[in-house]
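Written out below as structure tokens is the structure these notes cover.
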Amino acid sequence: MGYKVHTVDGRAGEVDTSTARTYSKSVRVASSAAGTYQLCKVPAGAVIIAVRAYRTGGTSGTVQVKKGTSDVLASPMATTTDAWAGSTTVQNATCAAGDNLSVVLGTPGGSPTETLVQVDLRTAVPAA
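Positions 0 to 127 (numbering that gives the first Met the number 0) are the ones given, in order, by the sequence shown.
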């Protein structure tokens with residue numbers, strides 16, 4: 000919710016006075032190999048609010064997100080063929096600036112061609 004403002008040049012608009020911002024980081028793994036793949040270094044303090052994954056092809060696979068060495072999901076999330084899977088139940092969700100996030104793909108079945116993993120984060124920033 001913002002306030003309606005009018006500028007000196009006659010333009011009208013909304014000003015967002017909240018300090019919460021949501022953004023996503025994602026990694027696309029074009030491989031059918033299990034392994035750990037770096038996602039990002041968190042640029043500012045944030046909270047992980049969701050993890051989503053999309054697997055193309057194959058018959059099975061799992062995804063885990065790690066903050067440093069800590070698991071973000073209580074157990075690896077099963078992916079779905081050619082559809083999004085997701086979870087908003089996370090642990091170890093508070094991230095400090097500089098924390099490293101990585102994605103761990105479990106051994107997939109049926110040779111998927113790629114897996115896309117998205118992590119949604121919420122951060123507090125000064126209102127612009």
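Note that beta-carbon positions come from the ideal geometry of N, C-alpha and C, so glycine has one too.
request  = Would you kindly check if the distance between the Cβ of residue 36 and the Cβ of residue 46 is under 7 angstroms?
outcome  = No. Outside cutoff.
key: beta strand (DSSP E) segments (min. 3 residues) lying fully within the region 52-105   = Within the region 52-105, the complete beta strand (DSSP E) runs of at least 3 residues are 61-66, 83-86, 99-104.
task = Kindly identify the DSSP beta-bridge partner or partners of residue 115.
result = Paired residue(s): 27, 53.
task = Enumerate in chain order the residues of its own chain whose CB-to-CB distance from residue 120 is below 8 angstroms, with the five nearest sequence positions on each side excluded.
result = Contacts found: 21, 22, 23, 24, 41, 45, 46, 47, 48, 94.
request  = With DSSP as the reference, label residue 46 as helix, strand or coil.
outcome  = Judged by DSSP in its simplified three-state form, residue 46 adopts strand.
key: Bridge partner(s) assigned by DSSP for residue 120   = Its beta-bridge partners are 22, 47.
query = Is the beta carbon of residue 116 less than 7 angstroms from the beta carbon of residue 102?
reply = Yes, Cβ-Cβ distance for residue 116 and residue 102 is below 7 angstroms.
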